[in-house]
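Novice: Throughout the sequence shown, residue numbering follows the UniProt record's numbering, covering 1 to 1046 in sequence. Just so it is clear, CB atoms sit at the ideal spot from N, CA and C, and this is done for glycine as well. Just passing along the structure, written as structure tokens.
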Amino acid sequence: MTTEPAVADIEDLFRSPQYAQQPRLVHPTTTPVRPTRQSKRLAKQFQRNVPINKADEDVQRKELYHNFDAAADAHLLTEADAVREAARCLKCADAPCQKACPTAVDVKAFLTSLQNRNIYGAAQMILSANPCGYTTGTLCMTSELCASACNLSHTAAGPIPISKLQQFVLHYYAQMQVSPRVVPHVRAGHYYPTPPKRIALIGAGPASLACATFLARLGGTDTSYVCDVYEQRATVGGLGQWEIPQFRLAQAAVQWEWQQVQQLPGVTVHTHQGLGKDFTVTSLLSQQNYNAVFLGIGKPQPQRLRDVFHEMGPAQGYYDSHQFLEAASRQSKGMPPSNGANAADLESKQEEDPEELILHGRVLVLGGGDVAIDCARTAYRLGASRVTLCLRRNTTHFRATEEQVTAAMSEQVDVLPYALPKQVLFSESNPGKIRALELYKTEQDEHGKYAIDDDQFVRVKCDYVVSAFGSQADPALAQALQPVAYNKWNEISVNDATGQTVDDPRVFAGGDCVGSDTQVAATNDGKVAAWGIHCFLQNMSPENTEIPAALPSYTTEIDNVDISVTICGVKFPNPFGLASAPPTTSCEMIARAFAQGWGFAVTKTFTNDASQITNVSPRIFSPLQGAAKDRHYQEGFINIELISEKTAEYWCNGIRELKRRFPDRVVVASIMSSFEKDSWQEITRMACEAGSDMIEMNLSCPHGMHEKGMGLALGVYPDKVRSACSWVVEASTIPVFAKLTPNVTDITVIAQAAREGGVDGVTAINTVSGLTGFHTDASPGRWGVGHDAANKGMTYGGLCGNTVRPLAFRAISAIAKKIPGIPLMATGGIDSADVAVQMMYAGAPLMQICSAVMNQDYTIIHDLVSGLKSTLYMRGRKHLQEWMHGMPPIHEQDLEVRPKFGPLEMERRQLASESRQVKIIVKPLDTFGECKEEYGQMFNGKPLMVEDLVGKGLEHIKTFTELNNREQVVAYVDPDLCLNCGKCYSTCNDNGYQAITFDPDTHVPVVDNDKCTGCGMCESICPALPAITLQNRVGYKEPTRNKKDL
């Protein structure tokens, strides 16, 4: 005989460990008491920012040994973090961040595209201005550049991490394997000669890469410029390849950038060709007949204190920064030994591997710049037990950037300020080996100058010394550089505006040799020199204001994708247009939008008698209340704006002018009238005679106009809609669309009535009727209308933007299913190409946009167009067809394991350290090969077109009874990606099926498959996607229908 389970006492439930983790449920009127010692123990147990490489109880942890994976400051952001940070951007007018960027990257535009997961659009904006965007995105110290100018710098959240976002974009864009192209360029005043002009570029660093890239773009499809890049080493990349270690800059980034430039016509790289050994500047100009030469050489000679370290080298434990970092780069990147002048016979631990450098003991690094910090951080990875950075100045006067100093401190690099080397002390037990370094104490006077105090010095024990006092030009190259000479600073003097040397107009220079000390500055030098070379070879004056300095942008085969749409015999250059709303308030505004690239525009709705239209103010509000109203990326607006206050005559004259100036753009006249045949037909004939391409009947304005017998006063009644549409169609000579309201029970009934009235198509949806709410004192929410606080009023307005997007999806798909083949224009929450594609799947080939422009400006059209083109392109590429919403599938993304709590994090790091191989060699990438042919084989037919997408999603929209309730899913929480916040546990516990347990010590949630019903709530609220995924359940779980739980 089966007995019923005992009913639990309600108090027992709250004593369960399941509830004990929610203390407010246990003791809602009390506060816990906890000893301080216990609090400290708990704080350590749940510490998230566990220090790296820090000694613990006199035991030095070598967490960084052999770890040449990306350091914490070079880690790739997750997709969610990247999109979230991009969305934080204010999209400022005349963006200061762009002004602070040496290469003038359009930060606002690339963050707009990234925010919408348009990887190609973002990459195009970056690479158009900066061909070295991948490496500079990894290395750029933006605290002194773009981020320093960010208008969010003063906020608690801080500036946008622009360089990290740039790195994220180009990391994934590189995986798309898209070939760059050049296009014909026709600009007034530009003469492209035949045969092509030849340019020699010496050095294969970022300056030469940028110069060659822009010259190739300027040369166009006719290859008017032939660029030969000469590099003395075996591979290209400059310091980024040879002296910046792998943990700071991945070899793949450097190689990909050079792969891109070598795919451009006319660019050839010649390795093992050194200046002074195989050629000189004079021989290139006179014997090899180059028309111009670009010097992108570095400063290969290290500066050293000759009196202190005279005739010392690796055998004694002394390295200069070039030797040290090159050895580390070779080992971490698997490169062959350099054949340059700085190759050294480095210390070896194992006889079978003479190139391996392994350190034992203490390392002193002399210097306070970025290179010195690179050396210090690298020393830990090569085995050093302790690393000390010796500065001539105070710690407040680091020459290194803020990011580098912070990274060094986090890795436990010690700092010894006010110190300058005096003499080296050698070991008695191991003759010839450094055992200590004596350093003078320096003092800073009242004028800020530093001087040696001979009476004070300090002795520091060490096993190795790395000198990182900077670099200088190689005096041995002076002869080979003629007719160019070094100035008194051992640099090459150039015209800042053109990069042209002062010694010879045929020679240009950039990068280290002219004093630019960062990767991004060198890149910009090459960019400037490309324009200067172009002007020189075309006999143009760089100061000619009639031909402003402007270089061709980055283009690929994606830009050739056809996104035109033909509806009702009217061809739209692209499917993106402005809705009848504030963005089309005037004809001048529409003209500016067309100039930006919009495919069509719907005029602000006008009527026969504009005198009856007078707006109130204010009339456009954010529906958000309280602190949320400060959100700059709003979910939408609610407005009580009426139709246009301008006359029908104004609009008709404006339409004529718009069609004269932009004949290939589509102008849709939006008209409205009361339920009077003559009135509708009069304004219809005016719109047709003005040259409109289409007419849109506004039957749906939900506020103000319906009180005048217009808009919604007609649009909710099928009979009136049918009649009004038939009147307009009768009078019109152009296609007619009816704009429908969602404020009805069934929008398909209204659509059917409009179709029966003869319209060619419909637009859906107009705004949704809503109210802004109230303030705490019961006054109208947001602002209200009127001056007198006691009499302020508000009314029901129209809600638009992302908030109404699901309603728009439903309306469009329902109409498409009810009336197959009817042309549709979609509007309502379209803010990206990704959403536009979804609207196309729902059945609409044309998009009307309003709120996204109100949130930013007309320039979002670049993101929309490039995003749609790249989506259509990817659907035609075999290896990109699995990409969803602009990103590769989860299993192809480079996801980092999220740090855990205190002891668990230490355990994770220990396991990671033990799993590393003893060798520090990373497998090098394959050679570049014939990239164009390889990529051509991967192309799977032609890219899709818009018409291929329209309605493709309708087959998946079914009735509820048609859905398969036998095929279920269960939630899975990935412990490596989980943030351990417990939100999934809380929501499942109080809203669902109590299917998630939450470990009180590790805070790792675990799903009980027997209890999980696959509702998806946990995945929907997870802040760390893709930590939670829904996986197919094996078998079928019966619903729990009558189980007693109390």
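1. Determine the DSSP secondary structure at F621, reduced to helix, strand or coil.
2. Per DSSP, T570 forms a beta bridge with which residues?
3. Mark N964 as exposed unless 16 or more other C-beta atoms lie within 10 angstroms of its C-beta, in which case mark it buried.
4. Please check the pair R665 and F576, which I expect to be a contact at CB under 8 Å, by giving their CB distance rounded to whole angstroms.
5. Please report the residue range of the alpha helix (DSSP H) in which P806 lies.
6. Here's a check: name, in chain order, each residue in its chain whose Cβ is nearer than 7 Å to the Cβ of Q472, leaving out the five neighbours to either side.
7. From what residue to what residue does the alpha helix (DSSP H) around G526 run?
8. Would G121 and G1035 qualify as a contact pair, given that the criterion is a beta-carbon distance under 8 Å?
9. Please state the DSSP three-state secondary structure of D974.
10. Could you have a look at A509 and say whether DSSP puts it in helix, strand or coil?
11. Quick check on this structure: which residue in G770, L824, A1024 has the alpha carbon closest to the alpha carbon of Y568?
12. Pull up the CB-CB distance for L416 and V853, whole angstroms please, since I reckon it's below 8 Å.
13. Give the straight-line distance between the Cα atoms of P618 and T772, rounded to the nearest whole angstrom.
14. Let me know the secondary structure DSSP gives C984 once reduced to three states.
15. Can you list, in chain order, the stretches of the beta strand (DSSP E) that have 3 or more residues and sit fully within the segment 372-451?
16. Work out the CA separation of D370 and H447 for me, nearest whole Å.
17. Leaving aside the five residues before and after P596 along the sequence, list all residues of the same chain whose C-beta is less than 7 Å from its C-beta, in chain order.
18. List the endpoints of the continuous beta strand (DSSP E) containing G773.
19. Grab the span of the alpha helix (DSSP H) containing L872 for me, first residue to last.
20. Do you know whose CA, among P899, P780, K62, lies nearest V387's CA?
21. Are the beta-carbon atoms of residue 1049 and R362 separated by less than 8 Å?
22. Can you tell me whether DSSP reads P180 as helix, strand or coil?
23. Can you have a look at T396 and say buried or exposed, based on whether 16 or more other CB atoms are within 10 angstroms of its CB?
24. Grouping DSSP H, G and I as helix and E and B as strand, with all else coil, what is Q937?
25. By Cβ distance, which residues of its chain are closer than 7 Å to P718, with the 5 residues on each side in sequence left out?
26. Kindly give me the distance between the Cβ atoms of R392 and L420, rounded to whole angstroms, as I take these residues to be in contact under 8 Å.
27. Output the boundary residues of the beta strand (DSSP E) element that contains residue 1061.
28. Using the three-state DSSP reduction, which class does A188 fall into: helix, strand or coil?
29. Need the endpoints of the beta strand (DSSP E) that N560 sits in, please.
30. Is it buried or exposed, R1041, if we count other Cβ atoms within 10 angstroms and call 16 or more buried?
31. Helix, strand or coil for K91, going by three-state DSSP, please let me know.
32. Take D760 and list the residues in its own chain whose beta-carbon comes closer than 7 Å to its own, dropping the five residues that flank it on each side.
33. Tell me where the alpha helix (DSSP H) around R1033 begins and ends.
34. Measuring only the C-alpha atoms, how far is L872 from I558?
35. Under 8 Å, do H956 and N980 count as touching if we go by C-beta distance?
36. Check each candidate in T959, Q263, G203 and name the one with the smallest Cα separation from V182.
Specialist: In brief:
1. strand
2. The question names Thr, yet the displayed sequence has Val at residue 570. The partner list for V570 (beta bridge, DSSP) reads I567.
3. Exposed, because fewer than 16 other Cβ atoms sit within 10 Å of the Cβ of N964.
4. Their Cβ separation, rounded to whole angstroms, is 11 Å, which puts R665 and F576 out of contact at 8 Å.
5. Its alpha helix (DSSP H) spans residues 805-818.
6. So the list reads K299, Q301, Q303, N490, once near-sequence residues are dropped.
7. 519-537
8. no
9. coil
10. Assigned with DSSP and collapsed to three states, A509 falls in strand.
11. Per the sequence presented here, residue 568 reads as Cys, with Tyr not at that position. Among G770, L824, A1024, the Cα nearest to that of C568 is on L824.
12. Contact flag wrong, Cβ pair sits at about 57 Å.
13. Distance between the alpha carbons of P618 and T772 is about 13 Å.
14. helix
15. 386-390, 414-416, 419-426, 434-444
16. 25 Å
17. Here residue 596 turns out to be Gln, not Pro, going by the sequence shown. Apart from the 5 residues on each side of it in sequence, Q596 sits with its Cβ closer than 7 Å to the Cβ of Y858, T859, I861 in its chain, given in chain order.
18. DSSP places G773 outside any beta strand (DSSP E), giving it a letter other than H or E.
19. It spans 860-874 - the alpha helix (DSSP H) in which L872 sits, taken as one unbroken run.
20. Just measuring C-alpha positions, the residue of P899, P780, K62 sitting nearest V387 is K62.
21. Missing from the structure shown is residue 1049; the chain here goes from 1 to 1046 and no further.
22. In this structure, P180 counts as strand in the three-state DSSP scheme.
23. For T396, the number of other beta carbons within 10 angstroms of its own is below 16, and it is reported as exposed.
24. Note on Q937: pLDDT 44, under 50, position unreliable in the model; no value is reported.
25. V749, I750, A753
26. 5 Å
27. With the chain covering 1 to 1046 only, the question about residue 1061 has no answer from this structure.
28. The predicted model places A188 with a pLDDT of 43, which falls under 50 and marks its position as unreliable; any figure quoted below should be read in that light. Coil.
29. For N560, there is no enclosing beta strand (DSSP E), as DSSP marks it with neither H nor E.
30. exposed
31. coil
32. C568, P735, V736, F737, P823
33. Looking at the DSSP string, R1033 is not in any alpha helix (DSSP H), and its letter there is neither H nor E.
34. 9 Å
35. Cβ atoms of H956 and N980: not closer than 8 Å.
36. Among T959, Q263, G203, the Cα nearest to that of V182 belongs to Q263.
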